[in-house]
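Just below is one structure, and these are the notes that go with it.
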Amino acid sequence: MPFTAEDCERARRDFPALGRIVEGQALAFLDGPAGTQVPEGVIEAVSGYYRTSNANTHGEFPTSRESDRLLQETRETVAAFLGAPSWRQVSFGQNMTTLNYALSHALVKTMAPGDEIVVTQLDHEANRGPWLALQERGIVVREVALRPDGTLDPGDFARQVTARTRLVAVVMASNALGTVTDLAPARRLARQAGAWLLLDAVHYAAHLPLDVQELDADFLLCSAYKFYGPHVGILYTRPGLLEQLPTERLRTQEEQAPWRFEMGTLNHAALAGVKAALDYLSSWGEGETPRQRIVSAMNGIAAYEHGVGAYYYDEVRRIPGVTVWGPDFSGPRAPTVSITIDGVHPNEAARRLGEKGIQVWDGDFYALRPVEALGLAERGGLIRTGIVMYNTRQEVDRLLEAIAGIAG
Ligand SMILES: Cc1ncc(COP(=O)(O)O)c(C=O)c1O
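Just so we're aligned, residue 3 is where the sequence shown starts under my numbering, counting upward by one.
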């Protein structure tokens with residue numbers, strides 16, 4: 003369903019934080035890739051849980067039963083969001099990084115020294131560090147090169163995947179450059195090698211609809227605080243796969259998926275917020291099933307964000323002294339645009355924008371490897387603008403004017 007500029011104005015009223023005025027200036031929240039603001043429904047769901055149902059699971063009393071039901075409903079809602087065949091494929095944790103480390107601890111137990119893992123130069127450290135750490139256990143980690151245009155080199159992909167590859171770990175959309183990865187080579191090569199395919203969907207999930215079955219992923223990770231929810235990490239695992247993995251767990255813990263991967267008590271209130279965030283997103287879509295509604299909403303919002311992102315991309319590169327990094331908007335792309343300004347350190351630029359109430363991030367955003375590969379690490383990295391469903395062209399115009407002032 004289309005999501006228009008008027009819809010954006012309506013949506014903005016649902017996010018209390020967007021109304022903040024600091025030192026007489028409205029804040030422009032262009033920092034979404036590091037975590038979005040949350041709508042009222044999420045705030046109500048979190049506080050409502052504490053007000054009414056706060057309890058541990060599996061008790062023989064009302065609040066515990068309500069908590070069981072909430073977790074179940076949240077899993078079902080997330081399964082619809084991911085296109086997963088069932089809620090059994092959805093495990094929760096603290097955040098993506100923690101889940102990925104736990105996964106690496108389980109997967110390494112199935113590997114032998116000399117086995118190989120393929121990572122990429124486009125990835126956030128959260129999808130590199132857990133795998134690079136396995137080098138201490140004799141695992142060989144190989145890295146796919148990034149090209150200067152911000153896309154992965156398909157030829158190098160083919161060189162890095164070998165008969166010994168056990169896992170291909172790749173990002174779906176870059177939180178630094180906005181690149182949407184062409185997954186066809188990764189999938190084909192992983193299948194040929196009999197390797198698992200792990201997708202980091204943290205940035206992608208905030209902007210574009212997911213379909214884990216079509217993606218043919220073995221593992222997919224995302225994080226609800228990037229799509230208008232609280233800080234909760236989400237792991238999808240292919241049906242039947244989690245049961246085969248030697249996950250770390252207490253003997254009191256359920257052996258079946260999805261619980262097999264979850265350690266200790268989850269953050270129930272935050273999970274109430276995750277469900278509310280997805281319900282909120284779905285309310286902008288149409289269709290009969292939850293899946294249809296969320297996909298319809300995501301498609302409309304994606305088109306809107308793409309339009310605003312493309313506008314910023316086209317205008318900012320006209321400003322003398324500005325260089326835009328990452329692919330253009332002619333193909334699939336996340337609406338996250340990073341620039342550098344000649345002679346101005348990114349941190350200085352972000353500070354000056356912050357003084358005007360314009361909130362953008364500078365540096366590497368933990369996507370250190372792409373920033374290094376582009377030769378920008380010593381220069382302070384990038385200045386990143388993220389467009390999400392509540393950002394307007396007017397905010398972008400305000401940003402453009404401020405950048406012109408800094409560059410000029
Ligand atoms: C692409 C990408 N992957 C992974 C992460 C790490 O996610 P989390 O903060 O949930 O550990 C981030 C966070 O910024 C990200 O943008």
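For every residue, glycine included, the Cβ atom is placed at its ideal position computed from N, Cα and C.
| Query | Result |
| --- | --- |
| Under three-state DSSP, which class holds Y230? | coil |
| Alpha carbon to alpha carbon, what distance is there between L84 and Q321? | Before going further, note that residue 321 is Ile rather than Gln in the sequence given. Roughly 39 Å between the two C-alpha positions. |
| Specify the secondary structure class of W261 as computed by DSSP and reduced to three states. | helix |
| Terminal residues of the continuous alpha helix (DSSP H) containing L134? | 131-134 |
| Taking 7 Å as the cut-off, is the C-beta of D202 nearer than that to any heavy atom in ligand 1? | yes |
| How would you label P241, buried or exposed, when you count the other beta carbons within 10 angstroms and need 16 or more for buried? | exposed |
| Can you have a look at P348 and say buried or exposed, based on whether 16 or more other CB atoms are within 10 angstroms of its CB? | buried |
| Can at least three beta-carbon pairs, one atom from the segment 98-111 and one from the segment 216-224, be found at a separation below 8 Å? | yes |
| Closest to V234 by CA distance: which of P18, E8, G37, A352 is it? | G37 |
| When every heavy atom of ligand 1 is checked, does at least one fall within less than 7 Å of the C-beta of N97? | yes |
| State buried or exposed for A19, treating a residue as buried only when at least 16 other CB atoms are found within 10 Å of its CB. | exposed |
| Quick check on the DSSP output: the beta strand (DSSP E) that includes L185 runs from which residue to which? | From DSSP, L185 is part of no beta strand (DSSP E); its letter is neither H nor E. |
| Can you give me the Cβ contacts of P115 inside the same chain, cut-off strictly under 8 Å, excluding the 5 residues immediately before and after it? | R139, G140, I141 |
| Could you check what DSSP says for W89 in three-state terms: helix, strand or coil? | helix |
| To test your reading of the DSSP string, which unbroken beta strand (DSSP E) runs of 3 or more residues are found completely within the segment 129-182? | 142-146, 167-173 |
| Quick check on I360: buried or exposed, where buried means 16 or more other Cβ atoms within 10 Å of its Cβ? | buried |
| Just grab the DSSP bridge partners of Q361 for me. | F31 |
| Identify whether T387 lies in helix, strand or coil by the three-state DSSP scheme. | strand |
| Please tell me whether A207 has its Cβ less than 8 Å away from any Cβ of chain D. | Within the model displayed, chain D is absent; a lone protein chain is all it includes. |
| Would you report the Cα separation of E250 and Y306, rounded to the nearest angstrom? | 42 Å |
| On the DSSP bridge assignment, give the partners of Y238 in chain order. | V92, L222 |
| Nearest by alpha-carbon distance to V390: which of F31, T254, M3, R12 is it? | F31 |
| Which full runs of the beta strand (DSSP E) of 3+ residues lie inside the segment 312-388, going along the chain? | 324-327, 338-343, 363-365, 384-388 |
| Is P422 near T394, with beta carbons less than 8 Å apart? | This structure cannot speak to residue 422, because the chain is shown only from 3 to 410. |
| Counting beta carbon pairs with one atom in the segment 355-373 and one in the segment 8-19, are three or more of them shorter than 8 Å? | no |
| Could you pull out every unbroken alpha helix (DSSP H) segment of at least 4 residues lying fully inside the segment 54-116, listed in chain order? | 64-84, 98-110 |
| For the alpha helix (DSSP H) holding L244, just list the boundary residues, first then last. | L244 -> no alpha helix (DSSP H), and no H or E assigned at all. |
| Who pairs with T122 in a beta bridge, going by DSSP? | V146 |
| Taking Cβ positions, are V432 and R144 nearer each other than 8 Å? | As shown, the chain starts at 3 and ends at 410. That puts residue 432 outside it, with no answer to give. |
| Going by C-alpha distance, which of I408, V110, H60, L154 is nearest W133? | V110 |
| Using DSSP bridges, identify the partner residues of L201. | V172, L222 |
| Helix, strand or coil for V297, going by three-state DSSP, please let me know. | helix |
| What are the boundary residues of the alpha helix (DSSP H) that includes A271? | 270-284 |
| Cβ atoms of H126 and N58: under 8 Å apart, would you say? | no |
| Just tell me which of V92, T6, A219, H209 has its CA closest to the CA of L200. | A219 |
| F229: buried (16+ other C-beta within 10 angstroms of its C-beta) or exposed? | buried |
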